[in-house]
Structure formats: C-alpha cells, structure tokens
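Just so we're aligned: the sequence shown equals residues 60 to 152 in this note's numbering.
Below: the structure, in structure tokens.
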Amino acid sequence: MNLNDFEEFLEFNKRQINIIKIKEAKYQDNWKTCHISTIFAKIDYQIDKLTKSLEKIASTTKSLPQATINARNTLLDISNYCFFLHKRLGDKN
Numbered sequence: 060m061n062l063n064d065f066e067e068f069l070e071f072n073k074r075q076i077n078i079i080k081i082k083e084a085k086y087q088d089n090w091k092t093c094h095i096s097t098i099f100a101k102i103d104y105q106i107d108k109l110t111k112s113l114e115k116i117a118s119t120t121k122s123l124p125q126a127t128i129n130a131r132n133t134l135l136d137i138s139n140y141c142f143f144l145h146k147r148l149g150d151k152n
C-alpha cells in the first residue's frame with residue numbers, strides 16, 4: 060500500500076463515521092446488548108442487498124449510478140456492523 064491508499068482508507072472511515080452519525084438514533088447502543096446472532100443477521104441481510112446491487116451492475120454495460128451508490132452505501136453498512144461485531148467479540152488481539 061502506498062500513502063494514497065491509506066488516505067483513501069481514511070476517507071472510507073470518515074464515511075463510516077458519517078453513516079453512524081446519521082443512523083445513531085436507529086443504532087443507539089442496541090448492538091452492545093443484542094445477541095451476537097442479531098448482528099450477524101444484519102450483516103447477512105446487507106450482504107444479500109450488496110449482491111443484488113452488484114448483480115444489477117454486472118448485468119449491463121450501461122452506467123448505473125444509483126446502483127453504484129447503493130452498493131457503496133451497503134458496503135459502509137456492512138463495515139459498521141462488522142465493527143459492532145468485532146467490538147462484541149472483544150479486542151483481545
């Protein structure tokens with residue numbers, strides 16, 4: 060990785076934080092108390108959503124800006140749920 064890759068990664072993290080701020084009322088601290096399987100189910104749901112968006116993009120040669128935006132936003136949701144799950148499993152490493 061070069062410096063530009065790290066800068067892009069930081070931009071991705073900023074977008075994650077923005078999503079959490081936007082959805083703060085929805086997330087609250089439920090992820091801290093719900094069963095881990097609930098978080099996993101949300102990740103699974105988001106992966107299904109991402110798969111549909113990517114299949115739509117891959118099935119055409121046309122530009123699909125909304126599908127691309129949806130896929131990128133879903134990736135941010137997945138990464139946030141992965142963060143929640145990571146925190147619930149503990150930071151032992």
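By construction, the Cβ of each residue, glycine as well, lies at the ideal position given by its N, Cα and C atoms.
Asked, Found
"Verify the contact flag: residue 86, CB atom, against every heavy atom of the ligand ADP, threshold strictly below 7 angstroms.", "This structure lacks the ligand ADP; in fact it carries no ligand of any kind."
"In whole angstroms, what is the alpha-carbon distance linking residue 60 and residue 81?", "30 angstroms"
"Please report the residue range of the alpha helix (DSSP H) in which residue 138 lies.", "124–148"
"Can you look up residue 120 in the DSSP assignment and give me helix, strand or coil?", "coil"
"Taking all protein chains shown into account, decide if residue 76 is buried (16 or more other Cβ within 10 angstroms of its Cβ) or exposed.", "exposed"
"Our contact map puts residue 137 next to residue 109 with C-beta atoms below 8 angstroms; I'd like the distance itself, whole angstroms only.", "7 angstroms"
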